[in-house]
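Numbering (the numbering used here), first residue to last: 1 to 311. Where a beta carbon is used, it is the ideal one built from N, C-alpha and C, also for glycine. These notes are about the structure you will find just below.
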């Protein structure tokens, strides 16, 4: 396990380096001058020159690139071009909000999606199955930002049950603020995981060992959970990993809809203002999260099916 983990970490290094290089190149080929974006069109040439010198924009690109890589290794992402705040400080403030939203949405999606999938698979071609399939189709069809706007209008503006915007301060207040955004993302995740659970279970139910268990008189509950759901975990774990990444990307739109702090909202604001120091930091956080999720999923595969370790 330790050797496999070490090799997977080494495999991730070229991927991370490629992502860092692409981020750096893309930020440098964007149209517009960051100095003008920060100072405004009425800035004097001397002010622009001083700003570029201060932010290291006058040095050659190759030197900027190696300075950028060195900064990433030391967690020095530079300073925002807009307000001169440390990018690391901005990321440290916004990242917990994005993580808690992603985790809350995934937990809600799992708690709702997997039981719905089990219900549909055990009542195939009957009313519960039809209801779950309709729910899945609706979940696939409706955009999460549109659903978020509907929930915001209904439960915040009209009924006043939940806050309209913000992320909250204390623990209870943050829970109160996170309910609607997490429900919005969880709706889509529950639809996806419910359909995936149904498909995986139906495939497992057709296996010989399930028929043998039923022939030996095993209870239906034992067949479903010990022989069925347990052996459907491998494709389910793949779906969970993909769903987690989709939840993270979906949090960008949800943070904007609910005017909630987070990496997504920070990144969109930086793109609007052409603050590429913040853009670089935000994209790096997302890229590292993707690499981490893929690594965790590989380890989960080994726990579920040790034969993968040999392959």
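With respect to residue 78, residue 277 sits close: the two C-beta atoms are nearer than 8 Å.
Straight through space, the alpha carbons of residue 140 and residue 104 are spaced by roughly 20 Å.
Taking every protein chain shown into account, the CB of residue 15 has fewer than 16 other CB atoms within 10 angstroms, so this residue is exposed.
Residue 118 is not a Cβ neighbour of residue 271, given a cutoff of 8 Å. In the three-state reduction of the DSSP assignment, residue 79 falls in the strand class. Distances from the CA of residue 111 to each of 182, 291 and 160 were compared; the closest alpha carbon is that of 182.
The residue among 80, 260, 75 and 86 with its C-alpha nearest the C-alpha of residue 174 is 260.
Residue 161 and residue 178 have their C-alpha atoms spaced approximately 12 Å apart. Residue 86 carries a strand assignment under DSSP once its states are collapsed to helix, strand and coil. Rounded to whole angstroms, residue 201 and residue 186 show a C-alpha spacing of 21 Å. DSSP places residue 192 inside the alpha helix (DSSP H), whose first and last residues are 171-205. Between the segment 65-78 and the segment 42-52, the count of C-beta pairs closer than 8 Å stays below three; the two stretches do not touch. Contact check for residue 204 against residue 231 passes: the beta carbons are separated by less than 8 Å.
Its Cα nearest to that of residue 281, the residue 92 stands out among 56, 58 and 92. Your pair residue 132 and residue 198 checks out as a contact, with CB atoms roughly 7 Å apart and the cut at 8 Å. Counted as a single uninterrupted DSSP element, the alpha helix (DSSP H) harbouring residue 62 occupies residues 61-73.
With respect to residue 247, residue 106 sits close: the two C-beta atoms are nearer than 8 Å.
In the DSSP assignment, residue 274 falls outside any alpha helix (DSSP H) and carries neither an H nor an E. Ranked by Cα distance from residue 138, the first of 115, 94, 190 and 149 is 190. For residue 8, the three-state secondary structure derived from DSSP is helix. For residue 237, the enclosing alpha helix (DSSP H) has its first and last residue at 233-257. Across the structure, residue 188 and residue 195 are spaced so that their CA atoms are roughly 11 Å apart.
Nearest C-alpha to residue 148 among 252, 7, 293 and 42: 252.
Pairing residue 150 with residue 255, the inter-Cα distance amounts to about 15 Å. Burial of residue 180 is indicated by the presence of at least 16 other C-beta atoms within 10 angstroms of its C-beta.
The beta carbon of residue 295 sits closer than 6 Å to the beta carbons of 8 from its chain, once the five residues preceding and following it are set aside; these are given in chain order. Between residue 114 and residue 193, the C-beta gap is smaller than 8 Å, which places the two residues in contact. The beta carbon of residue 236 sits closer than 7 Å to the beta carbons of 196, 197 and 200 from its chain, once the five residues preceding and following it are set aside; these are given in chain order. Per DSSP, reduced to three states, the secondary structure at residue 166 is coil, with no helix or strand assignment. The C-beta of residue 84 has fewer than 16 other C-beta atoms within 10 Å across all chains shown, which makes the residue exposed. If you draw a 10 Å sphere on the C-beta of residue 97, you find 16 or more other C-beta atoms in it, and that means buried. Under the 10 Å beta carbon count, residue 68 is surrounded by 16 or more other beta carbons and is classified as buried. Taking every protein chain shown into account, the CB of residue 143 has fewer than 16 other CB atoms within 10 angstroms, so this residue is exposed.
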